[in-house]
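**Q** Residue numbers (the working numbering): 6 to 145. Sending over a structure as structure tokens; questions will come in a sec.
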């Protein structure tokens, strides 16, 4: 079968890329999975893991993206999606519809998730608060 997509083959092993700071959130570490390069920016896939305790959370925001999913691999995280608290645990998959206002406010020290977003250069827009945010669980 001929490839008419123009995308590249990609195979990234754990030793090929490392977790790094400097991503969207300072309190997380990110590991690039090579998908943005392989798809010429159509899609990004990265692993995200907790790096520091959830003191302030992400703040209320939305993304300008066509598609976004979060698959929790380890631990848990609590999000506000609009005015609903949502506990996302290992094994869960969340499809964040385009434009949904949300706030990640709590997570376990071992939290790790796979995030897939299209396009790769999606924008994050701060929004006005939707409701009060519960306090995060202190790390001991």
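Note that the Cβ used here is the ideal one computed from N, Cα and C, for glycine as well. Just so you know, these numbers come straight off a predicted model, no measurement behind them.
Hey, quick one: how far does the beta strand (DSSP E) through residue 128 stretch, first residue to last?
**A** Numbered from 1 along the chain shown, position 123 holds the residue referred to as residue 128. Per DSSP, residue 128 belongs to the beta strand (DSSP E) from 128-131.
**Q** Identify, in the order they occur along the chain, each residue of the same chain with its Cβ nearer than 7 Å to the Cβ of residue 127, setting aside the five sequence neighbours on each side.
**A** Residue 127 sits at position 122 when you count from the first residue of the chain shown. Closer than 7 Å at the Cβ level, and outside the excluded window around residue 127, lie 68, 69, 70.
**Q** I need the boundaries of the beta strand (DSSP E) containing residue 41, first residue and last residue.
**A** Here residue 41 refers to the residue found at position 36 when the chain shown is read from its first residue. That residue, residue 41, is in no beta strand (DSSP E); its alpha helix (DSSP H) goes 40-43.
**Q** How long is the line joining the alpha carbons of residue 112 and residue 59, rounded to whole angstroms?
**A** On the chain shown, residue 112 is found 107 positions in, with the first residue counted as 1. On the chain shown, residue 59 is found 54 positions in, with the first residue counted as 1. Spanning the two alpha carbons is a distance of roughly 7 Å.
**Q** Could you name the residues of the same chain whose beta carbon sits closer than 7 Å to that of residue 40, not counting the 5 residues immediately before and after it, in chain order?
**A** For the purposes of this step, residue 40 is taken as residue 35 along the chain shown, with counting starting at 1. Only 15, 48, 49, 50 meet the Cβ criterion.
**Q** Leaving out five residues on either side along the sequence, give the residues of the same chain with a beta carbon under 6 Å from the beta carbon of residue 100.
**A** The sequence position of residue 100 within the chain shown is 95, counting from 1. So the list reads 74, once near-sequence residues are dropped.
**Q** Could you work out which residue in 82, 140, 139, 120 is closest to residue 37 when comparing CA atoms only?
**A** Indexing the chain shown from 1 puts residue 37 at position 32. Among 82, 140, 139, 120, the Cα nearest to that of residue 37 is on 120.
**Q** Excluding the five sequence neighbours on either side, which residues of its own chain have a C-beta within less than 6 Å of the C-beta of residue 32, listed in chain order?
**A** For the purposes of this step, residue 32 is taken as residue 27 along the chain shown, with counting starting at 1. Here the set comprises 56, 57.
**Q** Name, in chain order, the residues that DSSP records as bridge partners for residue 51.
**A** On the chain shown, position 46 is the one that residue 51 refers to. In DSSP, residue 51 forms a bridge with 37, 120.
**Q** Grab me the residues of residue 46's own chain with a C-beta within less than 8 Å of its C-beta, minus the 5 sequence neighbours each way, in chain order.
**A** Counting from one through the chain shown, the residue named residue 46 turns up at place 41. Correct list, in chain order: 124, 125, 126.
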